[in-house]
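Residue numbers (this note's numbering), protein chains in the order written: chain G, 262 to 856; chain W, 1205 to 1406; chain X, 2 to 367.
Take a look at the structure set out below.
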């Protein structure tokens, strides 16, 4: 239990920056080192590999969905039920079990201690447990594929009443296991998340003031706080829905005649669930987006050899976006039947968020301005991110502005928008980050040629998938449809040519999906045969590149912890010998007096 | 030190080339960890309260009777908190006996509270107020259940601290654990008082 | 410099796609042209920002490409520029938000004289109700719903007796007058969605939701469901017919009132047995799940069904004959075909209706 795992006593409190290396738990066995490891770096890899594994499954599901949309009925096992089950599991896995776990569990674990100059997370044991609980949640989620009725097909939003009524596939075992898995995920995440936050607050190296922290740390830190406060809403709603399902309570269930049968429920409110769900669901968007913001800021600055433009404003924007993300949730519910006057409030708050978000975009672009831009693979992905994020961010304005949302809600415009902004953009940031930090993790560079091929197909392919999709949505094609052609035939406003778009999108999707195999092969291949990278191949200033060993050993910094003398973005400082000054270089060397 | 001043420093100017003051909070890491955790629990119960009020506005809501036993349970939980505070103060003064007694009494009262809550459930059940009888019942069982689970989690920490003490650990060594337990107990007492108040008011 | 070229192609391509694509808003058929206008304003502002920022970025990438002999500028911030950009963004946001909220204010204010029409959703078909001569809809309760009272009207409420009930696959509306669509669901969330009228709203069980619009163009429109409502969601269809007042009144006269329905009149219209069966199949929502063309659906297709051998969930096989079909309509889960979920509601039909449906089913089977 966390409460008793105390490293220091109240009276003899030592600043955590000076934790001696001996205090870390050093395992003797292979199992303790690589499986039940308490080293945040190993835990990070465990999180990442698990997340990517389950993400591959979700990718396959999306390809199956695309096949059905392009060539309806071509694959016999894709029934209407199977289709919405794929929709649901694809969404849920990608948002929660891949992106959240990867950004916070993976990148958070690897980067936070290294970037703030700590030996490890403050509570390594709790950190380890967090991963194993996450793995348990993943296994339970996967188990739902093998239950009678299969996984739930209620959409990743899991709206009751349909989620727990027989007209939806997986309304028995499927939804129950989903709720259990989510509950376990939240518990596991809370253990990890508390660690990330407290590590940033307490275990920074000497000299690492808050405003000297890299934006990546700021972003993951803020995203973690959002997650800690938002996930309880998911937990509460999952518990309440399970009680409705299993014990017959009526939190969300009104009187219903389901498929000819009167149910015992009465008086509940399905809209209440939606409020709780989106109180979690909207911050969730930023839980995924903020780390991507931070990582991209890092990549742009390093590879443009220039300080990030407007650092303070970038930090403020992260904090402001984080705060505002708790007061915009109902913009997902403009046509849900809630009090329509809420629309005025939520449209306004939502469009206010556009301002700090736009500032971030301006500052990324202004970081490139007057830089010395190296188009390395990580940089390509970072620029790709900025491009797709501008697109996805702008379409968010359409959907946030209540009246414009009315015709577009529940159409492919929404699908295109949220994929562009919280699937394409973050995943490009993830790829960029992997190419950027892989040398630190393995000591070897990823293959450049494969990397460039991977970038071009992924970036252009994804844009070709989602950009035309907006126009299907504007035309009115509804989302989550097994087929557009119903018993009345194709609605007469859908031209035959729309099917052409679907075929094109599916071909692009198959191309992009298969190209990820090149990426995986690159990860595997370069781990042993890549070009040795040295400790700081990009010439970066932040602490993770200044470790004594590459890959860093347990304890991160060898005998002595670094001290921090400057902010994270001293690139191309006038008068300095090189075009970067690492954070742990004091004033006497290489210039660096206050400007 | 104000947050605003921190956030408005220009890091490329301030103390450039020198180690700048970077202390974390002056309280120990475990305490910071606990206080943020308490923030998370607050979010859980705050959301439940919000859901409670929204659901209450619907026509089918009928208030649940408040068994007298709940008052007794509340008193027991207060005593439990007081006992742990006693242990905490004794630990600060390095009085092993006080710590031992305080922990024992506090834990015993906490157990008694849980048993009491269970008896309330039984009592309500025998009166025909089941979890699915009315939304107010559903919320009552959910809130008391979640609160009980959190207390149960606290008892695990309490058990570990007590075990160490009984095995002869130095009071100074477990002072932090006792401290954290006490804070957690006070917090859960506060949560309970708010939730109990909510039940009484509605 | 491939990146610069590709980015330019993507920017120009996006803009061209917008103007050249044949896929855009459906021709509007309601008063909500203002929604289209706000959409256009948003497109103009966002399109400008999209091109401007990306073009600037491309220019920067080109101009400041890596050179060994050059150093990047050291430029931590530029307060003035940042203020200008913030102000500029704020203005842009207001330019989109203000008209949006203005139109939304109209959207939430239903005109006093709006005609009431109720759309009722259930898995997976639509029915409708008009208030009848008194202009007042009778009270309803899900608890009242049963085989003889499928709309769940309160039998004791006099306002309900003259309510006109439409179980057919069509809802008719007169052109030119505002309509307040009241939305009610018997089971789960649905969403009444006709793209051409732009407005839409969810149906939520346990409450009545609404939206309003004025039909402005005669014609027939597909009604779809826009909120995932289970297996048959994609096939939850209906038709909305907008016509002149006279035609509308004439049509309305042919629909039964609640009182008539209780008396048993008007439940079957004329036509041959097969035609009656076809109408039943549509009204009862059978064809939302059972396809007629052999394609996969939520339930087995009716094409080629009669005379087929089906494998049941318990592994035994059964010949699809009259007896089996009748049993499966009245008690669907008794002999469930393997591969399908037990989700079909037992049909509440009279003997005559059952015969008509059987006749149609056999003709559809071919």
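From the three backbone atoms N, C-alpha and C, an ideal C-beta is built for every residue, glycine too.
From a predicted model like this one, the values you see are computed outputs, not experimental measurements.
When CB distances to chain X are screened at a threshold of 7 Å, the residues of the segment 580-596 of chain G falling below it are 596, in chain order.
Here residue 1224 (chain W) has 1218 as same chain residues with Cβ atoms under 8 Å from its own Cβ, once five neighbours each way along the sequence are excluded. Positions of the alpha helix (DSSP H) runs, each at least 4 residues long and wholly inside the segment 1234-1322 of chain W, are given as 1272-1296 in order along the chain.
Listed along chain G is no residue with a C-beta nearer than 8 Å to that of residue 1333 (chain W); the closest approach is about 12 Å. The three-state reading of DSSP puts residue 672 (chain G) in strand, counting E and B together. The C-beta of residue 1213 (chain W) comes closer than 8 Å to at least one C-beta of chain G. DSSP places residue 211 (chain X) in the strand class (E or B) of the three-state scheme. For secondary structure counted as the beta strand (DSSP E) over 3 or more consecutive residues, the segment 224-273 of chain X holds these complete runs in sequence order: 239-244. Secondary structure at residue 595 (chain G): coil, using DSSP grouped into helix, strand and coil.
Per DSSP, the beta bridge partners of residue 841 (chain G) are G:832. Annotation: Cβ neighbours of residue 1216 (chain W) in chain X (cutoff 8 Å, chain order): 77. Beta-bridge analysis with DSSP links residue 182 (chain X) to X:118 and X:212. When Cβ pairs closer than 8 Å are counted between the two stretches, the segment 45-62 of chain X is seen not to touch the segment 814-824 of chain G, the count staying below three. In this structure, the CA atom of residue 740 (chain G) is about 14 Å from the CA atom of residue 331 (chain G). Interface flag for residue 1285 (chain W) against chain G is unset, since no Cβ pair is found closer than 8 Å.
Following the DSSP letters along the chain, one finds residue 1402 (chain W) inside the alpha helix (DSSP H) bounded by residues 1375-1405. Spanning the alpha carbons of residue 336 (chain X) and residue 317 (chain X) requires a straight line of approximately 10 Å. Excluding sequence positions up to five before and after residue 1341 (chain W), its CB lies within less than 7 Å of the CB of 1268, 1333, 1334 and 1335, all in the same chain and listed in chain order.
Contact with chain G is absent for residue 1352 (chain W), since none of that chain's Cβ atoms lies less than 8 Å from the residue's Cβ. Chain X places a beta carbon closer than 8 Å to that of residue 752 (chain G), counting this residue as a contact. Residue nearest to residue 659 (chain G) within the set G:696, G:699 and G:593 is G:593 (criterion: CA-CA distance). Secondary structure of residue 696 (chain G) (DSSP, three-state): helix.
Here the C-alpha atom of residue 829 (chain G) lies approximately 13 Å from the C-alpha atom of residue 575 (chain G). Residues are counted here when their Cβ sits less than 8 Å from a Cβ of chain X; for the segment 757-771 of chain G these are 758, 759 and 762, given in chain order. Minimum Cα-Cα distance from residue 661 (chain G) among the listed residues G:634, G:719 and G:596 corresponds to G:596. Identification of chain G residues near residue 71 (chain X) by a Cβ-Cβ cut-off of 9 Å yields 633, ordered along the chain. Beta-bridge annotation (DSSP): residue 193 (chain X) is paired with X:202 and X:226.
Pairing residue 303 (chain G) with residue 310 (chain X), the inter-Cα distance amounts to about 57 Å. A straight line joining the alpha-carbon of residue 314 (chain G) with that of residue 306 (chain G) spans about 12 Å. Taken in chain order, the unbroken stretches of alpha helix (DSSP H) that lie wholly in the segment 604-670 of chain G and span 4 residues or more are 638-661 and 663-669. Shown here, residue 33 (chain X) sits in coil according to DSSP, grouped into three states, outside any helix or strand. For residue 477 (chain G), the enclosing alpha helix (DSSP H) covers residues 476-507.
If you ignore the 5 residues before and after residue 706 (chain G), its C-beta comes within less than 6 Å of the C-beta of 700, 791, 792 and 794, all in its own chain and listed in chain order. By the Cβ neighbour-count rule, residue 38 (chain X) is exposed, with fewer than 16 other Cβ atoms within 10 Å of its own. Chain G has a Cβ within less than 8 Å of the Cβ of residue 66 (chain X).
Residue 292 (chain G) counts as exposed, since fewer than 16 other beta carbons sit within 10 angstroms of its beta carbon.
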